[in-house]
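Only one structure is covered here, and it is reproduced in the block below.
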Amino acid sequence: MYIDECYPLPVARREAQTITTPHSELSTLGAADPGNPLHYMLNSEVNEQLAGAANVQEGDVVLEIGPGTGSLTNVLLDKGAIVLAIEKDPHMAALVKQRFSHTDRFKVWQEDFVKCHIRSHMFLLFESISSSDQKPRHAKVVSNIPFNISTDVVKQLLPMGDVFSEVVLLLQEETAQRLVESSLRTSEYRPINIFINFYSDPEYKFKVPRSTFFPQPNVDAAVVAFKLKQAADYPAVSSTKSFFSMVVSFPMPNLLCMTSFFWGDIGW
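Residue numbers (the numbering used here): 1372 to 1639.
Right, here's the structure in full:
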């Protein structure tokens, strides 16, 4: 298969044991260590709501970033989706590959999401999983991502309206509130808000209590859905990187003028 050929898992990890109890498996892997920045969502109800926020249906192609033990992956597969997971940790990648080896609707890339070329991978994937007359036009992203890479993930995914129709992420509550802010009069309005509203229509979905994570973080979380815009929906830019650099360099008064130019007096 395409993904296994491009991203073979380390031989030493291919004999990973099937998960029996996710909590015990994660504890064995050191997930409960104080220095570990990752918090896993093992609550099936929350995972169902997360998939529901993206309206995942049978036949959908879904990209999942950081599947962990595969709790959310399992929900997505149960809904009939084709799930493509990117997992940085080689042991976790081998673990979920073993867990879902019974289905051909799951593939895993053992790679760092922040460094991978998602667009080219996805287009090749569309070709490999589709008949010549029925290629999927867009995929969805549904993920519980590490809190510390939230901005990097948003900056990489939102300009990809040609690949994804919707991006649904489980984020730190404070970050979620800040990213969906559209009022120009609030002190929370930042360059990242210009970027987000340029490429998408964000919507805060629901709050997720910290008690539903393992290990439990010190903050609550929330789900945000970004409906991605097509290139025809916004002015042409030379590149995403140059556009964001320009936005970051602007003083706030200039940002307000830019926002009014693109979208009118939103939030006033």
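We put the beta carbon where it would ideally sit given N, CA and C, even for glycine.
Computed from a prediction, not measured in an experiment: that's the story for all the values here.
| Query | Result |
| --- | --- |
| Between L1599 and K1459, what straight-line distance do the alpha-carbon atoms span, to the nearest angstrom? | 25 Å |
| Would you list the one or two residues that DSSP bridges to I1457? | I1436, W1480 |
| Just curious, the alpha helix (DSSP H) that Q1527 is in, first and last residue? | 1521 to 1528 |
| Please return the same chain residues whose Cβ sits closer than 6 Å to the Cβ of D1523, not counting the five positions on each side in sequence. | V1485 |
| Quick one: what's got a C-beta closer than 6 Å to T1546's C-beta in the same chain, skipping five residues either side? | S1521 |
| DSSP on S1499, reduced to helix/strand/coil? | helix |
| Do A1596 and E1537 count as a contact pair if the criterion is CB distance below 9 Å? | yes |
| Look up P1562 in the DSSP assignment and say whether it is helix, strand or coil. | helix |
| Name the two residues that bound the continuous alpha helix (DSSP H) containing V1417. | 1415 to 1424 |
| Starting from S1442, trace the alpha helix (DSSP H) both ways and give me its first and last residue. | 1442 to 1449 |
| Indicate whether H1509 and V1539 have their beta-carbon atoms separated by less than 9 Å. | no |
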